[in-house]
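First comes the structure, then the notes that go with it.
Residue numbers (the working numbering): 4 to 249.
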């Protein structure tokens, strides 16, 4: 309760700062304050287009994110096990990390349908995060524990379950949380640039083009709230898994 109360106080503080700046500017059409933004949000939430855009955006980002988690974990295991494969694939990981997301969006837009661009971009941005974290965690497993599992003749499945999985889990969960934020932001950016139909990004772009700044702020607030919701759900799932294990 103390943590929740502290978060509410912090949120209220920044709401007051935002409102004060909006009042000082005195141009609600260009810089809407919290009342105008919330009013626009409730108005948008009363339309089917709002929920269709939110639902499809979440579906696209979730699909790219899950594919990246699975692929990144698989790549990490293979590269950790086979050094030759690691040497072959490591330049790919470096290129993905170094290339701006906007460049990838523009390139992928030439090859894929607009609805598929956010999925691929979310996948691409999360892949190296999971890949690097899991591979480094596998390489950092205690050598003494490895010797012990060999001495007691653990099977491969037992080693995976009792040695590697617990050792990798903290790094994996940290990377999964970080990756979720990257997936969400990059997926929205891909929708904005590719003008993906029925998406939050398309609505953001339309609000900007038509100078509907209260709607623009409302959609931005929607993005922030959904990001917080997804992160909270992932953390809750992780805590539930830990509790079930105990």
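For glycine and all other residues, C-beta sits at the position ideal for the given N, C-alpha and C.
Fully enclosed alpha helix (DSSP H) runs of no fewer than 4 residues occupy 51-84 of the stretch 40-88, in order along the chain. One alpha carbon belongs to residue 236, the other to residue 25, and they sit about 32 Å apart. Around the Cβ of residue 134, a 10 Å sphere holds 16 or more other Cβ atoms; the residue is buried.
Rounded to whole angstroms, the Cβ separation of residue 144 and residue 76 is 15 Å, and the two are not in contact under 8 Å. In this structure, the alpha-carbon of residue 43 lies about 30 Å from that of residue 6.
Taking the Cβ atoms as the reference, residue 121 lies roughly 6 Å from residue 199, within the contact range of under 8 Å. Boundaries of the alpha helix (DSSP H) around residue 211: 203-212. Taken through DSSP and simplified to helix, strand or coil, residue 215 comes out as coil. The stretch 165-178 and the stretch 45-65 do not touch, with fewer than three beta-carbon pairs separated by less than 8 Å. Taken through DSSP and simplified to helix, strand or coil, residue 155 comes out as coil. The stretch 192-209 makes contact with the stretch 54-62: 3 or more CB pairs, one atom from each, lie closer than 8 Å. Here DSSP, grouped into helix, strand and coil, assigns residue 240 to helix. Of the candidates 28, 131, 241 and 188, the residue whose Cα lies closest to the Cα of residue 94 is 131.
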